[in-house]
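A quick write-up on the structure given underneath.
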Amino acid sequence: MYNSLVKEMLSKISVDDAEILPTQVKYKTNDNFSTVEIYVSKEKISFKVFGDAYITAMAKWLQLKLQANESVKVSLENLIDIFGLPEIKYRNAVQLIELIEKLNER
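According to full-length UniProt numbering, the sequence shown is numbered sequentially starting from 1.
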């Protein structure tokens, strides 16, 4: 089922994660199954996910990395490994990599 990182990230999600400030810039990626939106400003990092538990956990993980001002450089293979994604969920990792690339362009 879900590995410990996925469970940990899901347990850390709160309503405040979806609170969006007018000063935040929106970054979005989507496919036929899910949509991930990250809202970034100096004051706050927020996110919204329309998808499954894996992509939601990955969005929370990304939010925490950005809030800690950590460099987010991760390969597709590494992302698959750290979240223990089943093969059917690899598209979630691809989607998060696309979002990270958009964020790194800013």
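All residues carry an ideal CB built from backbone N, CA and C; glycine is no exception.
Got a sec, what are the start and stop residues for the alpha helix (DSSP H) residue i sits in?
i: V6; result: S4 to S11
i: N78; result: L76 to F83
i: T56; result: A53 to Q67
Just to confirm my understanding: we take residue i, look at its own chain, exclude 5 residues before and 5 after, and list those with CB closer than 6 Å. What are they?
i: I38; result: Y27 and F47
What does the alpha-carbon distance come out to for the pair residue i and residue j?
i: E87; j: D81; result: 11 Å
i: R106; j: T29; result: 15 Å
i: V15; j: F83; result: 23 Å
i: K65; j: N32; result: 26 Å
i: T23; j: L96; result: 23 Å
i: N74; j: G51; result: In the sequence as presented, Asn is not what sits at residue 74; that position holds Val. When rounded, the distance between both Cα atoms is 21 Å.
i: I100; j: T35; result: 14 Å
i: V25; j: L79; result: 25 Å
i: K102; j: S4; result: 28 Å
i: K42; j: A68; result: 12 Å
i: M1; j: Q63; result: 23 Å
Does DSSP put residue i in a helix, a strand or coil?
i: V94; result: helix
i: L99; result: helix
Hey, quick one: how far does the beta strand (DSSP E) through residue i stretch, first residue to last?
i: E37; result: T35 to V40
i: I45; result: I45 to F50
i: N30; result: V25 to N30
Might you give, ordered along the chain, the residues of its own chain that have their beta carbon closer than 8 Å to the beta carbon of residue i, omitting 5 neighbours on each side?
i: E60; result: Per the sequence presented here, residue 60 reads as Lys, with Glu not at that position. The residues are M9, L10, K12, I13, D17 and F47.
i: V6; result: A53, Y54, A57, F83 and G84
Between which residues of its own chain and residue i is the CB-CB distance below 7 Å, once the five residues before and five after are set aside?
i: K89; result: Y54
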